[in-house]
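Below is one structure, written out as structure tokens, with a few remarks after it.
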Amino acid sequence: ETGVTQTPRHLVMGMTNKKSLKCEQHLGHNAMYWYKQSAKKPLELMFVYNFKEQTENNSVPSRFSPECPNSSHLFLHLHTLQPEDSALYLCASSQPGTMSSGNTIYFGEGSWLTVV
Amino acid sequence: RKEVEQDPGPFNVPEGATVAFNCTYSNSASQSFFWYRQDCRKEPKLLMSVYSSGNEDGRFTAQLNRASQYISLLIRDSKLSDSATYLCVVMVLEYGNKLVFGAGTILRVKS
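For the protein sequence lines, the chains are A and B, in the order given.
In this text, residue positions in the first sequence follow our numbering: the first is -17, and each later residue adds one.
In this text, residue positions in the second sequence follow our numbering: the first is 88, and each later residue adds one.
Okay, here's the thing in structure tokens:
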């Protein structure tokens, strides 16, 4: 059982729809991430939040809008997406400042998004 | 040049075989190194960290060569359950300790 849960697990949306992905972590971490994984490509970091503050926006188009109301929850709001945005969206969490010592990030099971 | 490069495979090996994957990284400021495992349609999970002196965890051995900027993963006595994609992951200090992922190497162990 993962300490990071994502909903929905699968989502099909039209290009004019508005939808949201939700992530919740039960690990007491203070850093949360959104990654995108497309077929045969490396994971791409999209956004980073540390202690609820956005510390990284990796040149993500504005049709993706993150929201972090507290250290345990992270949302990704989706609006007017394109078919090429279809991918697996992974949420992750970690404890800031510990990764170099061998601690690492923990991923949710991902949300499979298809844009039609 | 990709920041983290891996042979995509697939590596098709029989049960019991020994298989090795290499990964090269381009940024000499890379600080920490990891191997993750990702099963089909699942999330990545940490397999093992890679230490400068090399480290072993059961059938898995990881090595780091900083001079040549590559990391390796050796799997001995392969099991069917080892079939997965293995992701090489590098943490780069100048990127604020963010993780950079390789695209992964596919391993298929067959009976």
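Ideal Cβ positions, reconstructed from N, Cα and C, are used throughout, including at glycine.
Remember, it's a predicted structure, so these values are computed and weren't measured experimentally.
(1) Taking E38/A as the reference, which of F57/A, G(-4)/A, M14/A, L63/A has the closest Cα?
(2) If you reduce the DSSP assignment to three classes, tell me which class D94/B lands in.
(3) What separation, rounded to the nearest whole angstrom, lies between the Cα atoms of Y71/A and D94/B?
(4) State the start and end residues of the unbroken beta strand (DSSP E) segment that holds E35/A.
(5) Just tell me which of Q156/B, G96/B, D164/B has its CA closest to the CA of T148/B.
(6) With distances taken between CB atoms, is the gap from Y123/B to L161/B smaller than 9 Å?
(7) Where T104/A and E6/A are concerned, what is the direct C-alpha to C-alpha distance, given to the nearest angstrom?
(8) Taking the alpha-carbon positions, what's the Q150/B to L133/B distance?
(9) Which same chain residues end up closer than 6 Å to S136/B when comparing Cβ atoms and leaving out the 5 residues on each side of it in sequence?
(10) Apply the 10 Å Cβ neighbour rule to F29/A and answer buried if 16 or more other Cβ atoms are within range, or exposed otherwise.
(11) Among the residues of its own chain, which have a CB less than 6 Å from the CB of C50/A, if the five just before and after it don't count?
(12) Take the Cβ of A171/B as the centre, count every other Cβ of all protein chains shown within 10 Å, and call the residue buried at 16 or more, exposed below.
(13) Kindly indicate if chain B contains any beta-carbon less than 9 Å away from that of F33/A.
(14) Helix, strand or coil: which one does DSSP assign to L167/B?
(15) Closer than 9 Å, CB to CB, is G90/A near chain B or not?
(16) Closer than 7 Å between beta carbons: that is the criterion. Which residues of the segment 111 to 131 of chain B meet it against chain A?
(17) Distance, Cα to Cα, T96/A vs M178/B?
In short:
(1) Your numbering for residue 38/A matches position 56 in the first sequence. Taking only the C-alpha atoms, the option nearest E38/A is M14/A.
(2) Translated into positions along the second sequence, residue 94/B becomes position 7. In this structure, DSSP gives D94/B a state outside helix and strand, which the three-state scheme calls coil.
(3) Walking along the first sequence from the start, residue 71/A turns up at place 89. Walking along the second sequence from the start, residue 94/B turns up at place 7. Across the structure, Y71/A and D94/B are spaced so that their CA atoms are roughly 24 Å apart.
(4) For the purposes of this step, residue 35/A is taken as residue 53 along the first sequence, with counting starting at 1. Taken as a continuous stretch (DSSP letters only), the beta strand (DSSP E) holding E35/A covers 35 to 39.
(5) Translated into positions along the second sequence, residue 148/B becomes position 61. Checked all of Q156/B, G96/B, D164/B; the closest Cα to T148/B is D164/B.
(6) Working through the second sequence from its first residue, we reach residue 123/B at position 36. Working through the second sequence from its first residue, we reach residue 161/B at position 74. The beta carbons of Y123/B and L161/B sit no closer together than 9 Å.
(7) Past the edges of chain A, shown from -17 to 98, lies residue 104/A, and the structure says nothing about it.
(8) If you number the second sequence from 1, residue 150/B lands on position 63. If you number the second sequence from 1, residue 133/B lands on position 46. Whole-angstrom Cα-Cα distance: 16 Å.
(9) Here the question's residue 136/B lines up with position 49 in the second sequence. The answer, listed in chain order, is F121.
(10) The residue given as residue 29/A occupies position 47 in the first sequence. F29/A should be labelled buried.
(11) Your numbering for residue 50/A matches position 68 in the first sequence. Within the same chain, C50/A has close Cβ partners Y31, K34, L56.
(12) Position 84 of the second sequence, counting from 1, holds the residue named residue 171/B. Around the beta-carbon of A171/B, 16 or more other beta-carbon atoms lie within 10 Å, marking it buried.
(13) On the first sequence, position 51 is the one that residue 33/A refers to. It does not; no Cβ of chain B falls within 9 Å.
(14) Indexing the second sequence from 1 puts residue 167/B at position 80. L167/B sits in a helix when the DSSP states are folded into three classes.
(15) Translated into positions along the first sequence, residue 90/A becomes position 108. With 9 Å as the cut-off, G90/A counts as an interface residue toward chain B.
(16) Contact residues of the segment 111 to 131 of chain B toward chain A are Q118, S119, F121, K129, E130, P131 (C-beta to C-beta distance below 7 Å).
(17) Within the first sequence, residue 96/A is the residue found at index 114, counting from 1. Within the second sequence, residue 178/B is the residue found at index 91, counting from 1. Take the alpha-carbon of T96/A and the one of M178/B: they are about 30 Å apart.
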